[in-house]
Amino acid sequence: MAKARPKTARTAYVCTLCGGEHPKWQGQCADCGAWNTLGEVALAPASRAGPRPAGWSGEDSAKVTPLSAVSADETARVSTGIGELDRVLGGGLVPGS
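Residue numbers for the sequence shown follow my numbering, beginning at 182 and rising by one.
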């Protein structure tokens with residue numbers, strides 16, 4: 182069984198002159214060019230959920246639809262002139278795609 186990683190505080194280094202934020206300490210601020218102005222700042226731990234996609238409203242926003250309830254309409258396809266590509270695409274390109 183793998184060992185659990187200990188939780189470590191995340192830190193950033195912020196320039197006292199311009200407020201530029203850097204992931205690691207360096208002698209010079211890359212934003213304003215000032216020397217020895219980076220100070221260590223503790224960051225809040227990141228949430229385990231991760232980033233949310235645009236328009237996400239919650240756990241109940243997705244509704245499951247059975248495959249048998251989905252209608253598959255036949256759409257006229259435009260041939261590419263390349264037989265193997267048309268076969269892979271199900272008969273050609275769909276207009277507007």
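Positions of the beta carbon are idealized from the N, C-alpha and C atoms, including for glycine.
Check                                                                                               : Outcome
Residue environment, Cys213, which counts as buried when at least 16 other CB atoms sit within 10 Å : exposed
Assigned exposure category for Cys199 - 16 Cβ within 10 Å defines buried                            : exposed
Thr197 - partner residues in DSSP beta bridges                                                      : Answer by DSSP bridge pairing: none, since Thr197 is not bridged.
First and last residue of the uninterrupted alpha helix (DSSP H) at Leu219                          : That residue, Leu219, is in no alpha helix (DSSP H); its beta strand (DSSP E) goes Leu219 to Ala223.
Status (buried if at least 16 other CB within 10 Å, exposed otherwise) for Leu266                   : exposed
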